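*Asks:* Residue numbers (our numbering): 20 to 481.
The C-beta atom is built at its ideal place from N, Cα and C for all residues, glycine as well.
It should be emphasised that the depicted structure is a prediction, and the values quoted were computed from it without experimental measurement.
Sharing a structure with you now.
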RNA sequence: GCACGGGUGGCAGAGCAGCUAUGCAAUGGACUGCAGAUCCAUGGACCCGGGUGCAAAUCCCGGCCCGUGCUCCA
């Protein structure tokens with residue numbers, strides 16, 4: 020089996036070969052914590068959580084770094100309006116991020132560097148770029164000069180310098196007053212009065228948006244690393260800017276072996292975004308769907324494709340997720356094996372995941388196993404594939420506790436239900452359907468669902 | 001406008017050259033007083049027009065349509 024990964028830069032799936040055999044260095048652009056996490060964040064970090072898990076399942080040692088952009092214009096806007104320090108806003112949303120991601124079984128990365136803890140390295144990197152002539156000091160900050168490395172333009176998006184100039188029209192003119200060329204981008208922004216700032220050779224200020232990722236990856240991984248991930252929208256300008264910064268700083272290229280970009284979450288066919296006002300936070304979604312059901316939904320489309328989110332889509336996923344947990348619970352409680360041959364499912368699952376992490380195809384195999392008979396072998400299979408690899412299962416303790424609780428709840432009403440059912444059977448025997456249905460309605464009103472079968476009625480709690 | 005990606009059954013959504021995708025829904029049957037659940041079965045799709053193949057959702061060319069990027073964004 021060969022793991023193949025789609026690389027945005029070469030626009031093809033390539034066998035994964037890493038700098039050091041058996042080891043993967045992976046950097047994923049993290050959030051700017053100025054608001055609670057939304058479903059777009061969930062999709063991204065879920066996607067890379069699966070990458071993380073599958074790389075480990077495939078025997079790689081993974082060093083996973085994900086940053087927090089904890090100082091930024093939007094954070095400052097909010098901290099100003101609330102009259103609190105920027106760190107209050109950032110920390111609040113970082114805590115929230117971890118809470119919702121934990122709930123969705125997202126494994127922790129190895130490092131979560133923050134911009135404000137990487138200032139020294141950022142200043143060093145900017146200094147090097149200035150020294151090498153790739154950056155200049157403008158009136159309001161330090162800028163990277165695109166024309167010093169024009170050959171690096173468009174590696175991820177295919178755009179040329181001329182296209183960007185023509186296409187962006189007048190809109191870019193207003194950004195960055197100290198730029199020589201509108202395509203240049205800020206490495207260091209000088210502070211305006213009252214803004215939080217750090218001392219630098221160019222005056223007090225803070226880092227531009229792009230430089231942090233270059234500085235952090237250099238700090239943690241060195242001049243080259245294997246996988247760089249992020250949302251599709253980050254390809255330009257953010258990731259192309261990183262290529263400029265990192266490669267011009269170290270002189271080593273390419274800085275990244277495989278660029279991976281996840282597709283968007285859409286609502287009614289349009290990108291979900293704050294500016295369109297059509298976004299849902301992760302927490303909102305938890306109101307109606309279990310965290311792992313949401314995970315199920317977001318993994319049921321391959322990570323590169325857009326997901327068009329609808330209530331039906333989420334309900335569908337919830338149905339499947341419930342079935343998965345039910346099958347897992349039944350298999351945990353089962354004596355003996357199912358007798359089904361699960362080898363084919365394992366093979367197809369592995370082939371699917373090896374093909375650029377095709378979670379959709381892999382989950383079809385999970386659905387197949389879910390539909391098979393209960394047994395300890397099924398429980399083991401589900402733990403390995405649906406659980407460890409896809410992160411879709413609650414712990415066995417949790418599932419067993421859930422079953423025990425359900426038994427308890429059932430026991431509490433059992434006596435009364437059995438009495439009513441006995442009366443109903445009497446009514447049915449004498450063909451008194453009105454009375455029988457009346458009793459069924461009564462049971463239904465206290466949350467008991469009655470189902471008649473060949474061996475008499477069975478019941479369960481709604 | 002330019003760049004990148006996509007257009008598959010009622011819906012969601014895989015497949016990306018030859019073999020039933022799958023799920024939900026639908027239809028028929030079994031079971032049933034009815035309902036529900038379950039089981040079995042069935043139908044139904046590849047945006048349009050060319051081209052290359054023995055063979056094309058699948059590759060190539062040309063349209064049309066949609067999304068994203070070109071400005072902060074996962």
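Within the segment 311-393, note down every full beta strand (DSSP E) run reaching 3 residues or more, in order along the chain.
*Replies:* Listed in chain order, the complete beta strand (DSSP E) runs (minimum 3 residues) inside the segment 311-393 are 326-328.
*Asks:* Work out the CA separation of residue 171 and residue 262 for me, nearest whole Å.
*Replies:* Residue 262 and residue 171: Cα-Cα distance of roughly 7 Å.
*Asks:* Let me make sure I understand the geometry here. Which of 222, 175, 349 has the alpha-carbon closest to that of residue 421?
*Replies:* Checking every option, the nearest Cα to that of residue 421 belongs to 349.
*Asks:* Who are the Cβ neighbours of residue 47 in its own chain at under 7 Å, not counting the five residues just before and after it?
*Replies:* So the list reads 67, 85, 248, 249, once near-sequence residues are dropped.
*Asks:* Can you tell me whether residue 433 is buried or exposed? The criterion is at least 16 other CB atoms within 10 Å of its CB, across all chains shown.
*Replies:* Residue 433 comes out exposed.
*Asks:* Can you check which of these residues, 119, 56, 224, 142, is closest to residue 238 by C-alpha distance?
*Replies:* With distances taken between Cα atoms, residue 238 lies closest to 142.
*Asks:* Which class does residue 50 belong to by DSSP, given the choice of helix, strand or coil?
*Replies:* In this structure, residue 50 counts as coil in the three-state DSSP scheme.
*Asks:* Are there 16 or more other CB atoms within 10 angstroms of the CB of residue 51, so buried, or fewer, so exposed?
*Replies:* Classification of residue 51: buried, given that the 10 Å Cβ count is 16 or more.
*Asks:* How many angstroms separate the CA atom of residue 546 from the CA atom of residue 481?
*Replies:* Outside the displayed span of the chain (20 to 481) sits residue 546, for which this structure offers no information.
*Asks:* According to DSSP, is residue 304 helix, strand or coil?
*Replies:* It is helical.
*Asks:* For residue 281, which residues from the same chain have a beta carbon less than 8 Å from its beta carbon, with the 5 sequence-adjacent residues on both sides left out?
*Replies:* If we look at residue 281 and ignore the five residues flanking it on each side, its Cβ neighbours are 62, 63, 66, 67, 248, 249, 250, 251, 322, 323.
*Asks:* Which residues mark the beginning and the end of the alpha helix (DSSP H) in which residue 238 is found?
*Replies:* It spans 230-240 - the alpha helix (DSSP H) in which residue 238 sits, taken as one unbroken run.
*Asks:* What does DSSP give as the partner residue(s) for residue 156 in the beta ladder?
*Replies:* Partner(s): 161.
*Asks:* Look at residue 98 and residue 104 and say whether their C-beta atoms are less than 8 Å apart.
*Replies:* Contact flag set, yes.
*Asks:* Here's the rule I'm using: 16 or more other beta-carbon atoms within 10 Å means buried, otherwise exposed. How should residue 165 be labelled?
*Replies:* So residue 165 ends up on the buried side.
*Asks:* Name the one or two DSSP bridge partners that residue 204 has.
*Replies:* 163.
*Asks:* Any idea what DSSP makes of residue 460, helix, strand or coil?
*Replies:* Of the three classes helix, strand and coil, the one that applies to residue 460 here is helix, per DSSP.
*Asks:* Can you say whether residue 194 is buried or exposed, counting buried as having 16 or more other CB atoms within 10 angstroms of its CB?
*Replies:* Since pLDDT at residue 194 reaches only 48, below the 50 mark, its modelled position is unreliable, and the value read off the structure follows with that caveat. Exposed, because fewer than 16 other Cβ atoms sit within 10 Å of the Cβ of residue 194.
*Asks:* Measuring alpha carbon to alpha carbon, tell me which of 473, 204, 448, 435 ends up nearest residue 463.
*Replies:* Cα-wise, what sits closest to residue 463 is 435.
*Asks:* In this structure, how does DSSP classify residue 109 when only helix, strand and coil are distinguished?
*Replies:* Note: residue 109 maps to helix in three-state DSSP.
*Asks:* Less than 8 Å separating the beta-carbons of residue 376 and residue 69?
*Replies:* The answer is yes: Cβ separation under 8 Å.
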